[in-house]
Amino acid sequence: TPLRSPIPLPSTAAAVMSREELKERAGRELDLFFALCGVNPQLVRFLLECYPRARPEVKQAALSKVRPLMQRLRSFPAGLGQALQQGNLESAELVLRFIEETAKLGDGKEREEE
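So for the sequence shown, this note's numbering puts the first residue at 8; every next one is plus one.
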């Protein structure tokens with residue numbers, strides 16, 4: 008069975024949703040997916056594959072979920088590093104967010120997001 012995209016992709020149903028409804032739906036679905044990533048960091052690979060095709064509201068929601076995931080993991084596991092290495096240039100924004108949050112954890116910084 009093919010894997011379903013962890014990020015809601017544009018569809019007929021999504022096209023009729025308001026931006027706020029789409030953000031809420033994306034947030035709920037990404038909460039579940041990021042919880043699974045906390046158990047199996049290899050799943051980040053699927054996020055990196057789907058991220059370039061996601062709508063801007065979904066990308067924004069995904070970026071906001073990186074910090075809680077990294078705080079849960081408390082380190083940069085080898086599986087996550089491998090997944091990030093497989094990312095492409097279109098996923099660079101997401102990859103940079105993972106690296107930034109990892110660096111903050113390493114420095115002990117717990118700044119609020121702007």
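Ideal placement from N, C-alpha and C gives every residue a C-beta, glycine not left out.
Continuous alpha helix (DSSP H) stretch holding P75: start and end: P63 to L80 is the extent of the alpha helix (DSSP H) around P75.
Buried or exposed (CB count within 10 angstroms, at least 16 for buried), S98: Label assigned to S98: buried.
From R35, L29 and P48, residue whose alpha carbon lies closest to that of A64: Here residue 64 turns out to be Glu, not Ala, going by the sequence shown. When the alpha-carbon of E64 is set against those of R35, L29 and P48, the nearest one is in L29.
Continuous alpha helix (DSSP H) assignments of at least 4 residues falling wholly in the region 19 to 50: If only uninterrupted alpha helix (DSSP H) runs of at least 4 residues are considered, those enclosed by the region 19 to 50 are 19 to 23 and 26 to 46.
E100 versus V51: straight-line alpha-carbon distance, rounded: Answer to the nearest angstrom: the Cα atoms are 14 Å apart.
Separation of C57 from K72, as counted between CA atoms: Those two C-alpha atoms are separated by around 15 Å.
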